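Protein chains in written order, with my numbering: chain A, 1 to 133; chain B, 134 to 242.
Each residue gets a CB set at the ideal place from its N, CA and C atoms; glycine is no exception.
Keep in mind the model is a prediction, meaning the values are calculated, not measured.
The next block holds one structure in the form of structure tokens; read it before the comments.
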Amino acid sequence: MPKRILLIDDESDIREVASASLEIVGDFEVLTADSASAGLVVASREQPDLILLDLMMPEIDGCEALEDLKRNAATRHIPVIFLTAKALKMDEASVRRAGAVGALLKPFDPMLLPGQIRALMGWPMESHDEASA
Amino acid sequence: MKPAREERLQARLRQAWVEARTLVAERMTVLEVAVSAANSGALGQEPRSSAIAAAHKLAGSLGVFGLREASICARNIEEQFNAGCSDAGTLALMLQRLQQLLRNYEDAG
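So, in structure tokens, the structure goes:
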């Protein structure tokens, strides 16, 4: 059964490219939400295996969203990986302190993204996964 | 990766680009307005903030579509606006370069 990933990002083009990458290259099942508040609802209802969370979003940003996820008993066990622009790159200690598994940089390479996620999560690589950059 | 899988990905990315073009054009318009205002010494806080957000989103978006140089160019524009755009001439040149890179990509497509 494929792993299910919830992608929370306010940018429609990023959601579409990441979804294509995760579905076609990664063989993941992808759920999407265009805001943190919508993502919190989907996460609670769908119980994905992982949440990819954009750091810079209007209204509720990624850090606040992660706090909300960790406060909620229905979602606190779901691992989170931040998607963050290079200019806002977080160091590993800050990522861990925030409660995330790791952070991946935007822009990402759609060919490499699934392999980078598997590496961070300790999930087995698929035979077609590209080596991470 | 198997060629069929790669072809499917490329097809989906081409479709995504068609849908993203309107967004890219809107963000470029925000930059053009802000750079024009900066050149005439009349850049207010709101257009500057909008330009920072537009350049930030362009940098991420263009990068995932493989437009690496355009992404870097957008990132540099974001940094210029963040730094207060004291050098409006450089900003205008950066914007021209970004416009050219996007035209090249469209022409090649």
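Quick check: what's the CA-CA separation for residue i versus residue j?
i                           : j                        : result
arginine 45 (chain A)       : alanine 175 (chain B)    : 49 Å
valine 197 (chain B)        : serine 35 (chain A)      : 20 Å
methionine 57 (chain A)     : alanine 171 (chain B)    : 26 Å
phenylalanine 82 (chain A)  : alanine 225 (chain B)    : 33 Å
alanine 203 (chain B)       : aspartate 9 (chain A)    : 22 Å
methionine 1 (chain A)      : aspartate 109 (chain A)  : 25 Å
threonine 84 (chain A)      : serine 173 (chain B)     : 34 Å
valine 101 (chain A)        : isoleucine 5 (chain A)   : 14 Å
methionine 121 (chain A)    : valine 95 (chain A)      : 14 Å
glutamate 165 (chain B)     : isoleucine 210 (chain B) : 11 Å
glutamine 47 (chain A)      : valine 41 (chain A)      : 10 Å
leucine 200 (chain B)       : alanine 93 (chain A)     : 31 Å
alanine 119 (chain A)       : alanine 103 (chain A)    : 12 Å
leucine 31 (chain A)        : arginine 230 (chain B)   : 37 Å
phenylalanine 214 (chain B) : leucine 234 (chain B)    : 20 Å
arginine 138 (chain B)      : leucine 22 (chain A)     : 12 Å
phenylalanine 28 (chain A)  : alanine 186 (chain B)    : 30 Å
threonine 75 (chain A)      : alanine 43 (chain A)     : 7 Å
alanine 192 (chain B)       : proline 107 (chain A)    : 7 Å
isoleucine 117 (chain A)    : alanine 188 (chain B)    : 27 Å
Could you tell me whether the Cβ of residue i comes closer than 9 Å to any Cβ of chain B?
i                        : result
methionine 56 (chain A)  : yes
valine 30 (chain A)      : no
proline 110 (chain A)    : yes
lysine 3 (chain A)       : no
proline 107 (chain A)    : yes
isoleucine 14 (chain A)  : yes
glutamate 59 (chain A)   : no
alanine 103 (chain A)    : no
isoleucine 188 (chain A) : Because chain A here runs from 1 to 133, residue 188 (chain A) falls outside it and cannot be looked at.
alanine 85 (chain A)     : yes
In this structure, how does DSSP classify residue i when only helix, strand and coil are distinguished?
i                        : result
isoleucine 78 (chain A)  : coil
leucine 55 (chain A)     : coil
glutamate 29 (chain A)   : strand
leucine 22 (chain A)     : helix
isoleucine 117 (chain A) : helix
alanine 133 (chain A)    : The predicted model places alanine 133 (chain A) with a pLDDT of 42, which falls under 50 and marks its position as unreliable, so this point remains unresolved.
isoleucine 14 (chain A)  : helix
lysine 70 (chain A)      : helix
alanine 144 (chain B)    : helix
alanine 100 (chain A)    : coil
isoleucine 5 (chain A)   : strand
In chain B, which residues lie with their C-beta within 8 Å of the C-beta of residue i?
i                   : result
serine 21 (chain A) : Leu142
valine 41 (chain A) : None at all; the shortest Cβ gap to chain B is about 24 Å.
At the 9 Å Cβ level, is residue i part of the contact set with chain A, yes or no?
i                           : result
phenylalanine 198 (chain B) : yes
serine 182 (chain B)        : no
serine 173 (chain B)        : no
leucine 195 (chain B)       : yes
Can you pull the chain A residues whose beta carbon is under 9 Å from the beta carbon of residue i, in chain order?
i                     : result
leucine 156 (chain B) : Glu11, Ser12 and Asp13
Listing by chain order, which chain A residues have their CB less than 8 Å from the CB of residue i?
i                       : result
glutamate 152 (chain B) : Ser12, Asp13 and Glu16
leucine 146 (chain B)   : Val17, Ala20 and Pro110
Practice problem: Identify every run of the alpha helix (DSSP H) within the segment 153-240 of chain B, keeping only runs that are complete inside it and at least 4 residues long; order them along the chain. | Solution: 178-197 and 201-215
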